[in-house]
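Below: the structure, in structure tokens.
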Amino acid sequence: MTPEVSSAMSALHEAALAAARAADIEPGLLQLIKIRASQINGCSLSLDRHTQDARAMGEAEQRIREVRAWRNSKLFTGRERAALSLTEAITLVFAGQVPNEVYAEAARQFEETQLAALIWAATVINAHNRIAITTRLEGSGAPPAATAESRSVWWTSARVPGLPA
Numbered sequence: 206m207t208p209e210v211s212s213a214m215s216a217l218h219e220a221a222l223a224a225a226r227a228a229d230i231e232p233g234l235l236q237l238i239k240i241r242a243s244q245i246n247g248c249s250l251s252l253d254r255h256t257q258d259a260r261a262m263g264e265a266e267q268r269i270r271e272v273r274a275w276r277n278s279k280l281f282t283g284r285e286r287a288a289l290s291l292t293e294a295i296t297l298v299f300a301g302q303v304p305n306e307v308y309a310e311a312a313r314q315f316e317e318t319q320l321a322a323l324i325w326a327a328t329v330i331n332a333h334n335r336i337a338i339t340t341r342l343e344g345s346g347a348p349p350a351a352t353a354e355s356r357s358v359w360w361t362s363a364r365v366p367g368l369p370a
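Residue numbers (this note's numbering): 206 to 370.
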């Protein structure tokens, strides 16, 4: 990837975080979103990073473990369930768009600015996952077919805040 695109991605990441802060989205909820999208995408690099971040924020180990099975867990609030459901629908958008009932439940649980911030957070983590996996970034879970040089082309040109250097 080019340095210009990497810089734009970094700016998008920062803008999404700023929107979440401005909308009073709980940092822990953002980590749950990032964990769930990374699980679905199979990005072990991001999954490791965001589970560590969640732990550092005081998230309970059992809740982190149960994110994968949140629908069957009693540990998540209605608000968290709506955010996780929306994240799954965004991540799996190819499988049938974002169902109306998923969007409607998220809209019931979150104010308009919060909903927009959640959508951006899910979109940005999905983009990060796809870049890490596609470029065979070490630890991403992608097959190690690419050379070290090709893996680092986009990464070294502009560090993405919130992901390891």
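C-beta atoms are modelled at their ideal positions from N, C-alpha and C, and glycine is treated no differently.
Check                                                                                                                                                                  : Outcome
Kindly indicate which residue of 227, 306, 213 and 269 has the alpha-carbon position closest to the one of residue 252.                                                : 269
Pick helix, strand or coil for residue 219, following the three-state DSSP scheme.                                                                                     : helix
Output yes or no for whether 7 Å exceeds the beta carbon distance between residue 178 and residue 230.                                                                 : For residue 178 there is no data in the structure shown, the boundaries of the chain being 206 and 370.
Can you find the residues in the same chain that come closer than 7 Å, C-beta to C-beta, to residue 234, ignoring five residues on each side of it along the sequence? : 285 and 288
Report the rounded CA-to-CA distance for residue 309 versus residue 316, giving the unit in angstroms.                                                                 : 12 Å
Assign residue 302 to one of three DSSP states: helix, strand, or coil.                                                                                                : coil
Could you give the distance in angstroms between the alpha-carbon of residue 227 and the alpha-carbon of residue 219?                                                  : 12 Å
Helix, strand or coil for residue 278? Go by DSSP, reduced to three states.                                                                                            : coil
What residue from 301, 296, 236 and 266 has the CA that sits closest to residue 258's CA?                                                                              : 236
Could you check what DSSP says for residue 293 in three-state terms: helix, strand or coil?                                                                            : helix
Let me know the secondary structure DSSP gives residue 230 once reduced to three states.                                                                               : coil
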